[in-house]
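Visitor: The structure follows.
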Amino acid sequence: MQNSTSGSGRRLATAIFLGAASTAMVAGSAHADGGIKGASVDPAGDKDAGTVALTGGGNAGTFETVLIALKPKGGDSDLLTYCIQQTVTLNASQLYDEADWAKEAARIHISPAHLQGIKWILNHSVPQISTTALASASNAAHDPVVNLSETEAVEATQAAIWAMADPTGALKINQTAQKSADGDDNVYQLFTYLTGAASTGGTVQQQASLNIVPAQTSAPHAGDKLGFKLVSTDTTDQFISVGFTGDASGAKLVDGTGKAIGPTDTFKSGTTVYVQLPTKPANGTVTLHASGIANGIEAGRVFVSENQTTPGQNLILAQTSSAPVAADAGVSWTTVVTPPTSPSSSSSSSPTSHPSSSHPSTSPSSTSPSTTPSSTPTSTAGTTTTTPSSTPTEGTTTSTSDTDLAHTGAGNTMAIGGGALALVAAGGGMVVYTRRRKAGQQGTHS
-9 MQNSTSGSGR RLATAIFLGA ASTAMVAGSA HADGGIKGAS VDPAGDKDAG
41 TVALTGGGNA GTFETVLIAL KPKGGDSDLL TYCIQQTVTL NASQLYDEAD
91 WAKEAARIHI SPAHLQGIKW ILNHSVPQIS TTALASASNA AHDPVVNLSE
141 TEAVEATQAA IWAMADPTGA LKINQTAQKS ADGDDNVYQL FTYLTGAAST
191 GGTVQQQASL NIVPAQTSAP HAGDKLGFKL VSTDTTDQFI SVGFTGDASG
241 AKLVDGTGKA IGPTDTFKSG TTVYVQLPTK PANGTVTLHA SGIANGIEAG
291 RVFVSENQTT PGQNLILAQT SSAPVAADAG VSWTTVVTPP TSPSSSSSSS
341 PTSHPSSSHP STSPSSTSPS TTPSSTPTST AGTTTTTPSS TPTEGTTTST
391 SDTDLAHTGA GNTMAIGGGA LALVAAGGGM VVYTRRRKAG QQGTHS
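So for the sequence shown, the working numbering puts the first residue at -9; every next one is plus one.
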């Protein structure tokens, strides 16, 4: 036989704090694909124009050759390039972006190995090396040239690149026609040397780039100092300038020691700079901008026209160069919401320390517990929180079913409080969960 006295209107309120509601949005990179963007064709900078006679590959004839000049957006000097595809016309009105080697090789149906072969040709021919050095290398390979000119070197190099990119593998110089036009075999002999010696091994070409990498993964608060790592393909030179674009919203740009960064300060790749967020205003957005002239941009970088609806000739960088690079990172933060730290006085009841001589009440108390939770359980003597005492009043017997009524008492209160404190560190908002159990009927069950 089990005696049971039902509690009436007994309510358990569990509060979970998720800390201050502050969020941030941090992102930054030069471009989705990295590399140089928005370069324009500069016909005035073209060099060493000539012609070459080709046969095989289904596209025989005489074709113009020239070192094509590209001017990077924001740059002062041109990048000299060769064409990649012999069957595609150059569209000088389009802008050009640096492209990923592997993706572009698949799109224009050139094997990555052949792109590596083209890179070898570029690194072993003009303008990367002199005509004197090129002639010596060709003669040493038993492909003799005499009094090699810049124009002849460009003609042979462009033809070798087209042959390496030709999907049929049959494209080559028409020796008879070329000799008739030039009066010698220099172009044919140099073409033979370059295509025969070209190595198709090597590593994937790395794009010229500057990126801003956030040093933290957690959401920052107003007043925090956020780190941003500057990363570039130019790892040698101290060339990167940083600053804010537009309104700084009260934020400051500092180094690792807290010293303000000025407009003339420059940094190497791998350096971390910091954005010191203000405590006021509580809401704000800033944009960190990094830029500079990257050196050591290797020959062999691929450029494609921005308009892929009507794509023009793909170009490939002919020599090691320098070019401007840039990146941006945006930071946004919102108002910090601080949760209450103490419960309302209406949420506490004061039980007596002695047994009551009256019968237990079957009606809920007229004082409702506060819906504002406390992040720390109250420990004042003689009072309890909204969680009832685990010790029943003398003269009564309390029966609690694990499945019908949530556990109560100091043990659970501390667990809830500890969980709340742990979750405060995580950041976020506040959730209050309330569970009510209706009063049962008073009586004895057997």
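For each residue, glycine too, the CB sits at the ideal point set by N, CA and C.
Predicted model only: the values in this text are computed from it and were never measured.
Using only the alpha-carbon positions, how far apart do T247 and L267 sit?
Guide: Cα to Cα, T247 sits roughly 15 angstroms from L267.
Visitor: State the Cα-Cα distance for the pair E94 and G240, rounded to the nearest angstrom.
Guide: Computed Cα separation, rounded: 44 angstroms.
Visitor: Could you tell me the distance, in whole angstroms, from the CA atom of S120 to the CA atom of K249?
Guide: About 48 angstroms.
Visitor: If you run the structure through DSSP and keep just helix, strand and coil, what is H104?
Guide: Helix, per DSSP.
Visitor: Which runs of the alpha helix (DSSP H) at least 4 residues long sit entirely within the region 25 to 99? Give them in chain order.
Guide: Segments of the alpha helix (DSSP H) lying fully in the region 25 to 99: 91 to 97.
Visitor: Is there contact between the region 281 to 296 and the region 306 to 318, where contact requires at least three CB pairs shorter than 8 angstroms?
Guide: Yes, the region 281 to 296 touches the region 306 to 318.
Visitor: Could you give the distance in angstroms between the alpha-carbon of T331 and the alpha-carbon of H211?
Guide: T331 and H211: Cα-Cα distance of roughly 19 angstroms.
Visitor: Quick test of the definition: if touching needs 3 or more C-beta pairs under 8 angstroms, does the region 115 to 131 touch the region 155 to 174?
Guide: Result no; under three Cβ-Cβ pairs closer than 8 angstroms.
Visitor: Grab me the residues of T45's own chain with a C-beta within less than 7 angstroms of its C-beta, minus the 5 sequence neighbours each way, in chain order.
Guide: The residues are K162 and N164.
Visitor: Using three-state DSSP, classify N137 as helix, strand or coil.
Guide: Coil.
Visitor: Where does T121 sit, in a helix, a strand or coil, going by DSSP?
Guide: Helix at T121.
Visitor: Report yes if the CB atom of V265 is closer than 7 angstroms to the CB atom of L216, and no otherwise.
Guide: The answer is yes: Cβ separation under 7 angstroms.
Visitor: Bridge partners for V221 per DSSP, in chain order?
Guide: N201.
Visitor: Sort T158, S281 and T225 by Cα distance to N49 and report the nearest one.
Guide: The residue with the shortest Cα to Cα distance from N49 is T158.
Visitor: In chain order, what residues of the same chain lie with their CB nearer than 6 angstroms to the CB of Y178, ignoring the 5 residues before and after it?
Guide: Closer than 6 angstroms at Cβ, skipping near neighbours: I163, Q165 and Q168.
Visitor: Taking 6 angstroms as the limit between beta carbons, can you name the residues of its chain near V203, skipping five residues before and five after?
Guide: Within the same chain, V203 has close Cβ partners K219 and V221.
Visitor: Is the beta carbon of V78 less than 7 angstroms from the beta carbon of Q303?
Guide: Cβ atoms of V78 and Q303: closer than 7 angstroms.
Visitor: Between L307 and L69, is the Cβ-Cβ spacing less than 7 angstroms?
Guide: Yes, these two residues count as a Cβ contact at 7 angstroms.
Visitor: Between D32, S30, A39 and S67, which lies nearest to S139 when the distance is taken from Cα to Cα?
Guide: Nearest of D32, S30, A39 and S67 to S139, Cα basis: A39.
Visitor: CA-CA distance, A155 and A103?
Guide: Straight-line Cα distance between these residues: approximately 10 angstroms.
Visitor: Quick one: is Q206 buried, meaning 16 or more other Cβ sit within 10 Å of its Cβ, or exposed?
Guide: Flag for Q206 reads exposed.
Visitor: Is T277 helix, strand or coil by DSSP?
Guide: Looking at T277 - three-state DSSP - the assignment turns out to be strand.
Visitor: Could you tell me whether the Cβ atoms of G47 and A146 are closer together than 7 angstroms?
Guide: Not in contact: G47 and A146 (Cβ atoms no closer than 7 angstroms).
Visitor: Checking the sheet assignment: what are the DSSP bridge partners for I151?
Guide: None, per the DSSP bridge assignment.
Visitor: Whose C-beta lies closer than 6 angstroms to the C-beta of A415 among residues of the same chain, with five residues either side of it excluded?
Guide: Here the model assigns A415 a pLDDT of 38, short of 50, so the residue's position is not dependable, and the following value carries that caveat. Excluding sequence neighbours, A415 sits near nothing in its chain.
Visitor: Which one of N113, E88 and A96 has the shortest CA to CA distance from A150?
Guide: Considering only alpha carbons, the answer is N113.
Visitor: Is T185 buried or exposed, if buried means 16 or more other CB atoms sit within 10 Å of its CB?
Guide: T185 is buried by the Cβ-count criterion.
Visitor: If you compare alpha carbons, which of D227, L80 and V42 is closest to E296?
Guide: For E296, the nearest C-alpha among the options comes from L80.
Visitor: Looking at the unbroken alpha helix (DSSP H) that takes in Q165, where does it start and where does it end?
Guide: Element bounds for Q165: Q165 to D172.
Visitor: Please name the residue, chosen from S322, T41 and S67, that lies closest to A209 on a Cα-to-Cα basis.
Guide: Among S322, T41 and S67, the Cα nearest to that of A209 is on S322.
Visitor: For E54, which option in A96, A317 and V144 has the closest C-alpha, if you only look at C-alpha atoms?
Guide: Comparing Cα positions, the closest option is V144.
Visitor: Going by beta-carbon coordinates alone, are S281 and T256 separated by less than 7 angstroms?
Guide: Cβ distance not < 7 angstroms, so S281 and T256 don't count as in contact.
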